[in-house]
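Residue numbers (our numbering): 8 to 263.
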């Protein structure tokens with residue numbers, strides 16, 4: 008479990024990183040290539056892109072924010088991987104204005120579907136960017152986690168509103184335009200022609216546990232990481248996760 012994203016700040020992404028790293032290793036073996044081509048849609052300042060580049064992969068980040076792309080460029084340079092990270096301004100809808108269709112071994116679509124006008128179109132575009140045998144890593148906000156968080160904060164009316172709202176929103180002040188259930192995300196992946204090979208609940212406990220407890224109790228950090236990993240694959244916890252992660256794979260092989 009040693010990797011470049013294990014520090015305290017990466018607690019919330021640990022499960023996704025572990026799943027993604029396993030998928031990358033399988034893809035490396037399948038293609039016979041040590042360096043994969045990765046597309047990170049909505050990759051921002053490089054929370055995943057830079058660690059992936061440190062592993063030797065070539066990463067293209069597509070993001071609509073010039074500020075995020077500037078931070079990405081600076082971070083990649085500081086980490087010594089500027090030659091393996093390319094940032095371009097764009098979004099999921101116009102993805103192929105800036106990215107190559109069918110040109111990537113792995114596509115990351117993290118924190119994107121919540122904000123696009125048509126999530127199904129967004130998934131179809133990311134799938135179209137994959138080579139045969141490619142892997143899609145899809146991460147989006149979970150409905151159940153938001154309902155639970157509002158209820159535990161004492162906002163019971165907002166929790167009920169989110170539970171019944173078609174987009175999973177708890178009110179006009181909700182900063183997230185759309186949330187999903189695990190069934191909805193897997194349906195989007197399958198509807199785009201991929202096999203949903205794994206579903207994980209992300210941040211099942213980490214958003215609920217007081218930070219002071221994690222920071223001050225000896226061994227609490229590692230224990231919480233292990234708990235998150237153990238619960239992530241259990242369907243019972245998908246319904247209360249803050250985020251949901253679906254790993255999809257295309258058919259066919261590509262050893263080029």
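Each residue gets a CB set at the ideal place from its N, CA and C atoms; glycine is no exception.
None of these values were measured; they are calculated from a predicted model.
Please state whether DSSP places residue i in a helix, a strand or coil.
{"i": "residue 245", "result": "helix"}
{"i": "residue 28", "result": "helix"}
{"i": "residue 100", "result": "coil"}
{"i": "residue 197", "result": "helix"}
{"i": "residue 13", "result": "Confidence at residue 13 is low in this model, with a pLDDT of 45, below 50, so the placement of that residue is unreliable and no value is reported for it."}
{"i": "residue 169", "result": "helix"}
{"i": "residue 88", "result": "coil"}
{"i": "residue 54", "result": "coil"}
{"i": "residue 77", "result": "helix"}
{"i": "residue 126", "result": "helix"}
{"i": "residue 160", "result": "coil"}
{"i": "residue 231", "result": "helix"}
{"i": "residue 19", "result": "helix"}
{"i": "residue 40", "result": "coil"}
{"i": "residue 106", "result": "coil"}
Following the continuous alpha helix (DSSP H) through residue i, name the residue where it begins and the one where it ends.
{"i": "residue 202", "result": "Counting along the chain, residue 202 falls outside any alpha helix (DSSP H), though it belongs to the beta strand (DSSP E) covering 202 to 209."}
{"i": "residue 222", "result": "218 to 223"}
Measuring only the C-alpha atoms, how far is residue i from residue j?
{"i": "residue 174", "j": "residue 251", "result": "15 Å"}
{"i": "residue 39", "j": "residue 146", "result": "27 Å"}
{"i": "residue 78", "j": "residue 20", "result": "19 Å"}
{"i": "residue 180", "j": "residue 205", "result": "33 Å"}
{"i": "residue 248", "j": "residue 170", "result": "14 Å"}
{"i": "residue 73", "j": "residue 86", "result": "20 Å"}
{"i": "residue 57", "j": "residue 232", "result": "22 Å"}
{"i": "residue 226", "j": "residue 220", "result": "10 Å"}
{"i": "residue 159", "j": "residue 184", "result": "21 Å"}
{"i": "residue 258", "j": "residue 200", "result": "9 Å"}
{"i": "residue 141", "j": "residue 153", "result": "31 Å"}
{"i": "residue 97", "j": "residue 191", "result": "25 Å"}
{"i": "residue 108", "j": "residue 139", "result": "12 Å"}
{"i": "residue 12", "j": "residue 47", "result": "Annotation note: pLDDT 43 at residue 12 (below 50); position unreliable, coordinate value reported separately. Rounded to whole angstroms, residue 12 to residue 47 spans 16 Å at the Cα level."}
{"i": "residue 30", "j": "residue 240", "result": "15 Å"}
{"i": "residue 223", "j": "residue 213", "result": "15 Å"}
{"i": "residue 127", "j": "residue 202", "result": "15 Å"}
{"i": "residue 230", "j": "residue 211", "result": "14 Å"}
{"i": "residue 182", "j": "residue 84", "result": "32 Å"}
{"i": "residue 32", "j": "residue 62", "result": "11 Å"}
Between which two residues does the beta strand (DSSP E) containing residue i stretch?
{"i": "residue 251", "result": "250 to 256"}
{"i": "residue 45", "result": "44 to 48"}
Just checking my contact of residue i with residue j at CB under 8 Å: how many whole Å lie between their CB atoms?
{"i": "residue 207", "j": "residue 22", "result": "6 Å"}
{"i": "residue 137", "j": "residue 186", "result": "Not really, about 25 Å apart at Cβ, beyond 8 Å."}
{"i": "residue 253", "j": "residue 193", "result": "6 Å"}
{"i": "residue 49", "j": "residue 101", "result": "Not a contact, Cβ separation roughly 13 Å."}
{"i": "residue 88", "j": "residue 106", "result": "No, residue 88 and residue 106 are not in contact; Cβ-Cβ is about 19 Å, not under 8 Å."}
{"i": "residue 34", "j": "residue 43", "result": "6 Å"}
Mind checking who residue i pairs with in its DSSP beta bridge?
{"i": "residue 94", "result": "68"}
{"i": "residue 238", "result": "Note: residue 238 sits in no beta bridge, so no partner."}
{"i": "residue 111", "result": "137"}
{"i": "residue 142", "result": "113 and 256"}
{"i": "residue 187", "result": "149"}
Please confirm whether any heavy atom of the ligand ADP lies closer than 7 Å to the CB of residue i.
{"i": "residue 209", "result": "Inclusion of the ligand ADP in the displayed structure is not the case, the ligand content being empty and no account of it being possible."}
Between residue i and chain B, is there a C-beta pair that is closer than 8 Å?
{"i": "residue 109", "result": "The chain inventory of the structure shown lacks chain B, comprising one protein chain alone."}
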